[in-house]
Amino acid sequence: MEIKRFIPDHAITTVPVLALLFALHYFLSPDDSAEDGIEVTSPLSSNYWQREIETEALDIAAGLSQLELDDVKRDQLIRELLQQGRLKQARTQLLEVAAASMLADDQSQLGETLLLLGEVAINQQELAAAEVYLQESLYLAMSRDDVVGTARGYQLLGQLNIRARELARRAADTYDQLWQARNSIARGIYQGVNENLQMVIRDNLEIRRYGAAADAWEALASLHEQVHDGYQAQQARIEAARLFASTGQFTHVRRLIDGLDRSLISDSDIDSIEREIEGLLEEHQQDLVKTSQARDYQMLYHHYLRIGQPQRAWKFRIKSSEMLSDTSDRSMFQRQADVIAVLYNSNFAMDRARRYLDKAGKIYDDSGVSDGLEKTREMESLIY
1224 MEIKRFIPDH
1234 AITTVPVLAL
1244 LFALHYFLSP
1254 DDSAEDGIEV
1264 TSPLSSNYWQ
1274 REIETEALDI
1284 AAGLSQLELD
1294 DVKRDQLIRE
1304 LLQQGRLKQA
1314 RTQLLEVAAA
1324 SMLADDQSQL
1334 GETLLLLGEV
1344 AINQQELAAA
1354 EVYLQESLYL
1364 AMSRDDVVGT
1374 ARGYQLLGQL
1384 NIRARELARR
1394 AADTYDQLWQ
1404 ARNSIARGIY
1414 QGVNENLQMV
1424 IRDNLEIRRY
1434 GAAADAWEAL
1444 ASLHEQVHDG
1454 YQAQQARIEA
1464 ARLFASTGQF
1474 THVRRLIDGL
1484 DRSLISDSDI
1494 DSIEREIEGL
1504 LEEHQQDLVK
1514 TSQARDYQML
1524 YHHYLRIGQP
1534 QRAWKFRIKS
1544 SEMLSDTSDR
1554 SMFQRQADVI
1564 AVLYNSNFAM
1574 DRARRYLDKA
1584 GKIYDDSGVS
1594 DGLEKTREME
1604 SLIY
């Protein structure tokens, strides 16, 4: 069987690159910390972008109905995992379905599975992985002259780029809010700052920018110090230390722990915090090992695919997913590009989203698929 009938050339090249992106997150990207000297922009648009992220949900029933799995037990397991939000584990199960479909030469089910994998990855905010799955699915649909499948592929690629823009705008808004909070604290204006910082922490955790959330905890500690609430300042510092520990930033952890006022905390509490911090640092180190192993499995997948052993190759692709499913989100998203770079790149995401949705809309219009066309038009209205 000719494996390239199922996977486009560019996707064969990019699959192992995805694993390398994880390594770049860990070792090369700058810390997600705020910088001075950035002009404050209006936060008025934040509710719009926040609303779109929060209300978009994975349509589990629709996605699985397209697969028409013969294995009822596996179908139920995937449904339960998706409903419980255990998307990493669901991804592994779906990859097993995709592998079986590929080996059985069932291109239709393989394409539908890859589409659902793309949707799952979008919901995980793993946009690089989502693009790989969706491009593979799109190639399959086009090679089979599957008009609706092609339109759905374009539509989901448009959705992916809309999500990239949403995340960038929300990250930029939290950046601005944090800058304004620090500015207010420095000027001795405290009204509303606590609430704003709590919102910044919550929003950054939701979009997986853990370094920015830790920075906001430190700003909150500074606020409590200014109003002479030593206990709350200590608690905020400890929360920041926990986040830094879970992302492996040992230098920040030690600075925060060493800076605690020992007169406000008992020796037993200090010991408990130290043990917790050590546990988080150890968990991070274990996650690094798992991520490295997952990268090796992706490389093996790439190798065996190239030499024409697809069955063996897909086993390693599944192993890579299994390994990553045991890592924490905090570790996987520990390092991200600076918010200004993310916001700048999101301008290109808008252009890509528009092009993909234009293609999807044209196909739906020519095919008379009114529901698909309406949904595409709704998604186009989110491009900003």
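Take the sequence shown: its letters are residues 1224 to 1607, numbered as in the working numbering. Just so you know, even glycine gets a beta-carbon here, dropped at the ideal spot from N, CA and C.
Nearest neighbour of residue i, chosen from the options [CA to CA]
i	options	result
residue 1465	1478, 1454 and 1595	1478
residue 1323	1566, 1461, 1297 and 1457	1297
residue 1469	1574, 1503 and 1525	1503
residue 1486	1467, 1472 and 1457	1457
residue 1552	1506, 1577 and 1293	1506
residue 1561	1397, 1500 and 1416	1397
residue 1376	1345, 1443, 1361 and 1306	1361
residue 1428	1451, 1390 and 1319	1390
residue 1535	1521, 1546 and 1580	1521
residue 1549	1564, 1508, 1537 and 1578	1508
residue 1497	1481, 1510, 1403 and 1563	1481
residue 1388	1582, 1467, 1565 and 1452	1565
residue 1422	1372, 1403 and 1336	1403
residue 1367	1351, 1334 and 1350	1334
residue 1349	1606, 1523 and 1547	1547
residue 1332	1533, 1305 and 1292	1292
residue 1633	1606, 1587 and 1526	Because the chain in this structure spans residues 1224 to 1607, residue 1633 falls outside the shown range and cannot be described.
residue 1432	1352, 1582, 1413 and 1467	1467
residue 1488	1337, 1455, 1501 and 1510	1455
residue 1563	1330, 1399, 1347 and 1495	1399
residue 1474	1500, 1451 and 1412	1500
residue 1412	1472, 1567, 1494 and 1450	1450
residue 1472	1442, 1595, 1511 and 1537	1511
residue 1401	1365, 1440 and 1372	1440
residue 1533	1295, 1575 and 1319	1319
Whole-Å CB distance - residue i paired with residue j, under 8 Å assumed
i	j	result
residue 1340	residue 1314	6 Å
residue 1424	residue 1393	Not a contact, Cβ separation roughly 13 Å.
residue 1317	residue 1343	7 Å
residue 1363	residue 1379	Going by Cβ atoms, the distance from residue 1363 to residue 1379 rounds to 13 Å, so no, they are not a contact pair.
residue 1484	residue 1453	6 Å
residue 1355	residue 1590	Contact doesn't hold; Cβ gap of about 26 Å is too wide.
residue 1345	residue 1351	No, residue 1345 and residue 1351 are not in contact; Cβ-Cβ is about 11 Å, not under 8 Å.
residue 1337	residue 1321	6 Å
residue 1578	residue 1606	Contact flag wrong, Cβ pair sits at about 11 Å.
N- and C-terminal bounds of the alpha helix (DSSP H) containing residue i
i	result
residue 1302	1295 to 1306
residue 1361	1350 to 1366
residue 1579	1562 to 1590
residue 1526	1490 to 1529
residue 1421	1416 to 1429
residue 1336	1330 to 1346
residue 1541	1533 to 1548
residue 1468	1453 to 1469
residue 1372	1370 to 1409
residue 1476	1473 to 1481
residue 1445	1433 to 1449
residue 1322	1310 to 1326
residue 1485	Neither: residue 1485 is in no alpha helix (DSSP H) and is coded neither H nor E.
residue 1596	1593 to 1603
Residue-level contact to chain B via CB, residue i, 8 Å cutoff
i	result
residue 1413	The structure shown contains no chain B; it is built from a single protein chain.
Inset, instruction - Would you be able to state if there are at least three C-beta pairs under 8 Å between the stretch 1457 to 1473 and the stretch 1419 to 1436? - result: yes
Legend entry - the stretch 1514 to 1524 / the stretch 1539 to 1551 touching (three or more Cβ pairs under 8 Å): yes
Inset, instruction - Kindly confirm or deny that the stretch 1400 to 1408 and the stretch 1439 to 1451 touch, where touching means at least three C-beta pairs closer than 8 Å. - result: The count of Cβ pairs closer than 8 Å, one atom from the stretch 1400 to 1408 and one from the stretch 1439 to 1451, reaches three, so the stretches are in contact.
Inset, instruction - Would you check if there are 3 or more beta carbon pairs closer than 8 Å linking the stretch 1413 to 1424 to the stretch 1591 to 1607? - result: no
Inset, instruction - Kindly confirm or deny that the stretch 1571 to 1589 and the stretch 1377 to 1389 touch, where touching means at least three C-beta pairs closer than 8 Å. - result: Contact between the stretch 1571 to 1589 and the stretch 1377 to 1389 is present, because at least three Cβ pairs lie under 8 Å.
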